[in-house]
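Sequence positions in the sequence shown follow mature numbering (1 follows the signal peptide of the UniProt record, and there is no 0) and run -25 to -1, 1 to 335.
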Amino acid sequence: MKTKHILTITALFGLSLVPALPSHAQRSNPCKSAPLATPSRETRQIRVEKYGIAFNIPENYRTSSYITDVKMDISIYNPSAFEFNECMRINKIPSDEIFAPSAIFSIDSLRSGKSLIDIANERLSRYANTFRKITFKNEPTISFEYRNVADLYDAVLFFLPNRKSSVAISINRENKALGEAIKSSFTFDLSSSSNSVTTSSSVSQASNNPATKLLNGVYVGEGTMFNNSHREVLSRNNRLCIKFVDGPASPYSGRQEVTISSISLRSGKLFTDSYTNYANGTELEAFAGEDLNPPYSTFLYKDVKAAFRHTGRTYWVYRGKTLYKINPEMDKDLQECVASQGVYKKTRKGAVIDGIKPSW
């Protein structure tokens, strides 16, 4: 990808390229793009347990994922481009001013009766050209190309063997050799591989890591028991994720809002990668029990084992793994997050809380 190209989100695999920033915007932009890094010879495997697939990328390349109940997008970035994008996000510069990935894996659950041609015509015909029927990994496949403002992409679309999902792999033609290597490593068989790999920036790999102060389980804040809100933390294999559950204030009825986010370690501090009620990149300050006892235990819970705060002055205190009859080790959303790569974000509606109907 040429460094002048940037990305804006559209319907096609989330990608469309636009011209470079105007000169006045470039002068005010604190994020400086570096020359694209050379792909490392060493590779690491990206595993998607939910769909039973895996593929390899260069060890130094980075990933970002977007997941819903019926869709998963995994974008693969040159490390220089990824760092630039992260700088743009942290500095809250509009997200249409970021580098495009080198490759994208887009996985969709199928609606019954859909054929590859149906999917291609429904989702891609406005953007793509030269549909051809081929075979990929012994599966019937449609190949095509599509052009954005500045770049040409090659893509393949096929069903997974269970016919419950479709996969589209899109490769930037300027990264064709890299893309073909990634595509050739694609496999449906995970049985002979090890457990899911984690990102190279995994939060538990650093020394003096504040993440080690957090325990897996449910956290509640002072007064939040009365508005049906709590937090859940899960750490596994050098990967840390959090679930934010925000409910209606007691005694009113309403539905809980849920956000699941990965947590990043930057300059020795933890940051949430996504949270709907606050700006992305909010710092999460972790505390071990000895950091808070005895003064904190005098006005909330005694013998605090772990706590954190991420906005304002509210402390969220560890209350174990079984509060609300929830065991984070078995929680589907958190399991997906800790098994994913790069930045993870997922939002959904939670439980309906019975109470008085609000008058507003």
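Ideal Cβ placement from N, Cα and C applies to all residues, glycine included.
Since the structure is predicted, the reported quantities are computational estimates derived from the model, not experimental observations.
**Prompt:** Mind pulling the alpha helix (DSSP H) runs of 4 or more residues that sit fully within the stretch 127 to 158?
**Reply:** The stretch 127 to 158 contains no whole alpha helix (DSSP H) run of 4 or more residues.
**Message:** For T289 and C6, what's the separation of their Cα atoms in angstroms?
**Reply:** Taking the straight line joining both Cα atoms gives about 32 Å.
**Item:** Top-ranked residue by Cα proximity to Y194, from I328, I68, E17 and A282
**Value:** When only C-alpha atoms are compared, the closest one is A282.
**Item:** Presumed contact (8 Å Cβ cut-off) between S321 and T43, rounded CB distance
**Value:** Here residue 321 turns out to be Lys, not Ser, going by the sequence shown. So it is a contact: roughly 7 Å between Cβ atoms.
**Request:** Could you tell me the distance, in whole angstroms, from the CA atom of C216 to the CA atom of V208?
**Result:** Rounded to the nearest angstrom, the two C-alpha atoms are 6 Å apart.
**Prompt:** Rounded to a whole number of angstroms, what is the C-alpha to C-alpha distance between T18 and R241?
**Reply:** Answer to the nearest angstrom: the Cα atoms are 24 Å apart.
**Assigned secondary structure, R16 (DSSP; H/G/I helix, E/B strand, else coil)** = Looking at R16 - three-state DSSP - the assignment turns out to be coil, as it is neither helix nor strand.
**Request:** Determine whether the Cβ of D83 lies closer than 7 Å to any Cβ atom of chain B.
**Result:** Within the model displayed, chain B is absent; a lone protein chain is all it includes.
**Request:** Since I believe A9 is in contact with S55 (beta carbons under 8 Å), could you give me their beta-carbon distance rounded to a whole number of angstroms?
**Result:** S55 to A9, Cβ: 5 Å. Contact.
**Message:** Going by DSSP, what residue range makes up the alpha helix (DSSP H) through D308?
**Reply:** For D308, the enclosing alpha helix (DSSP H) has its first and last residue at K307 to A314.
**Request:** Can you say whether A186 is buried or exposed, counting buried as having 16 or more other CB atoms within 10 angstroms of its CB?
**Result:** A186 is buried by the Cβ-count criterion.
**Item:** Rounded C-alpha distance that separates V23 from I235
**Value:** If I take the Cα positions, the gap works out to 17 Å.
**Message:** Is the separation between the beta-carbon of F80 and that of I144 shorter than 7 Å?
**Reply:** Yes, these two residues count as a Cβ contact at 7 Å.
**Asked** Under a three-way DSSP split, which group does S177 fall into?
**Response** Unreliable placement is indicated for S177, whose pLDDT of 41 sits below 50; the coordinate value is still reported in the next sentence. Residue state, collapsed to three classes: coil.
**Item:** Nearest-angstrom Cβ-Cβ length linking I28 and T162, presumed shorter than 8 Å
**Value:** Sure, about 7 Å apart at Cβ, within 8 Å.
**Asked** Does the Cβ-Cβ distance between N35 and S160 come in under 7 Å?
**Response** It is not a contact, given that the beta carbons lie outside the stated cut-off.
**Request:** Let me know the secondary structure DSSP gives D93 once reduced to three states.
**Result:** Here D93 carries a helix assignment [DSSP, helix/strand/coil].
**Item:** Segment limits, alpha helix (DSSP H) that includes S84
**Value:** Unbroken run through S84 is the beta strand (DSSP E), A78 to S84; no alpha helix (DSSP H).
**Asked** Whose C-alpha, out of I51, K280 and S84, is nearest the C-alpha of L190?
**Response** Nearest C-alpha to L190: K280.
**Proximity winner among R138, P136 and I157, relative to A130 (alpha-carbon distances)** = I157 is the residue among R138, P136 and I157 whose C-alpha sits nearest the C-alpha of A130.
**Request:** Report buried or exposed for Q316, applying the criterion of at least 16 other Cβ atoms within 10 angstroms of its Cβ.
**Result:** Sixteen is the threshold: when 16 or more other Cβ atoms of the shown chains lie within 10 Å of the Cβ of Q316, as they do, the residue is buried.
**Buried or exposed (CB count within 10 angstroms, at least 16 for buried), T247** = Looking at its Cβ environment, which holds 16 or more other Cβ atoms inside 10 Å, T247 is buried.
**Request:** Go to C216, then tell me how far its beta strand (DSSP E) extends in each direction, as first and last residue.
**Result:** Start and end: R214 to D221.
**Message:** For W291, which residues in the same chain have their Cβ closer than 7 Å to its Cβ, ignoring the five residues on either side in sequence?
**Reply:** Cβ neighbours of W291 beyond the five flanking positions: Y194, V195, G196, R206, A282, F283 and R284.
**Request:** Name the one or two DSSP bridge partners that A261 has.
**Result:** BP columns for A261 point to F283.
**Asked** So the alpha helix (DSSP H) E61 belongs to, where does it begin and stop?
**Response** Bounds of the alpha helix (DSSP H) holding E61 are P54 to I65.
**Prompt:** Is I29 helix, strand or coil by DSSP?
**Reply:** Checking the displayed sequence, the identity of residue 29 turns out to be Ala instead of Ile. DSSP places A29 in the strand class (E or B) of the three-state scheme.
**Helix, strand or coil at T234 according to DSSP, with G and I counted as helix** = When secondary structure is reduced to three states using DSSP, T234 falls in the strand class.
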